Amino acid sequence: MMQYSSDSRTVAPPHGPMSEEETGDEQPENESAVEEKPELSLEEQLSEAIGRAEKAEAEIGYRDAEIVNMRRRFATDKAELMKYSGYNLAGKILPAIDNLTKALDAAEDGPLADGVRLTKENVIQALQNEGVTPIEVGTEFDPNTMEALTTLPASEEHPDGSIIDVLESGWMYKERVLRPARVVVAKE
5 MMQYSSDSRT VAPPHGPMSE EETGDEQPEN ESAVEEKPEL SLEEQLSEAI GRAEKAEAEI
65 GYRDAEIVNM RRRFATDKAE LMKYSGYNLA GKILPAIDNL TKALDAAEDG PLADGVRLTK
125 ENVIQALQNE GVTPIEVGTE FDPNTMEALT TLPASEEHPD GSIIDVLESG WMYKERVLRP
185 ARVVVAKE
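Just so you know, we're using the numbering used here here: the sequence shown kicks off at 5 and counts up by one.
The following block contains the structure:
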């Protein structure tokens with residue numbers, strides 16, 4: 005409850021005068037509690053500014069190097085994409101070549117077989133012009149370009165690790181394996 009003084013112009017709180025917390029007027033207990041930053045001399049200010057400038061310059065150098073590296077990576081990736089842009093299409097054409105091969109194996113000699121043979125040769129030539137080449141299957145199994153679908157016991161005719169049969173021809177697209185040759189391998 006508020007108490008009024010006799011002249012009714014001043015109002016005092018019910019429990020005496022207001023404290024610092026109530027008024028919001030805080031007085032520093034000690035003048036040294038308020039730290040004042042000492043003024044730097046011109047040389048110190050200059051030295052500090054030069055330090056900040058050198059740090060900013062180094063940061064800009066790092067970012068410039070990052071940008072150069074990123075541009076180099078993008079250029080390399082773009083060249084790689086351009087180089088292998090026909091990879092998927094070539095892979096989709098290979099089953100057609102396999103079907104033409106099967107048709108030739110089943111066909112009797114004649115004009116129809118000649119037409120199929122010519123078509124197969126034209127498709128293979130077009131693929132070779134774009135960098136698609138058949139994987140040469142030698143006598144030894146190469147896990148980089150071949151896939152062993154099955155193994156058979158080794159013999160004198162087919163020593164361990166040699167190729168007994170080619171089930172599906174393999175193809176390269178430039179330096180990449182487009183489809184591994186699927187083979188039967190002799191194993192001891």
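Backbone N, C-alpha and C fix where the C-beta goes; we use that ideal spot for every residue, glycine too. Computed from a predicted model, the values in this text were never measured in an experiment.
Legend entry - Whole-angstrom C-beta distance between LYS124 and THR105, which should lie under 8 Å: Indexing the sequence shown from 1 puts residue 105 at position 101. Indexing the sequence shown from 1 puts residue 124 at position 120. With a Cβ gap of about 7 Å, THR105 and LYS124 count as contacting.
Legend entry - Alpha-carbon spacing of HIS162 relative to ASP169, whole angstroms: Counting from one through the sequence shown, the residue named residue 162 turns up at place 158. Counting from one through the sequence shown, the residue named residue 169 turns up at place 165. HIS162 and ASP169: Cα-Cα distance of roughly 10 Å.
Inset, instruction - Reducing DSSP to helix, strand and coil, say where PRO138 ends up. - result: Position 134 of the sequence shown holds residue 138. Looking at PRO138 - three-state DSSP - the assignment turns out to be strand.
Legend entry - VAL181 beta carbon less than 9 Å from that of THR149: Locating residue 149 in the sequence shown gives position 145, counting from the first residue. Locating residue 181 in the sequence shown gives position 177, counting from the first residue. In contact: THR149 and VAL181 (Cβ atoms closer than 9 Å).
Legend entry - Residues near GLY101 in its chain [Cβ-Cβ closer than 7 Å; skip 5 each side]: Along the sequence shown, one-based indexing puts residue 101 at 97. Reading the sequence as shown, one finds Ile at residue 101 and not Gly. Here the set comprises LYS124, VAL127 and ILE128.
Inset, instruction - Would you list the residues sitting across from ASP169 in a DSSP beta bridge? - result: Position 165 of the sequence shown, counting from 1, holds the residue named residue 169. ASP169 pairs with VAL188.
Inset, instruction - Per DSSP, which residues does ARG180 bridge with? Please list them. - result: Within the sequence shown, numbered from 1, the residue matching residue 180 stands at position 176. BP columns for ARG180 point to TYR177.
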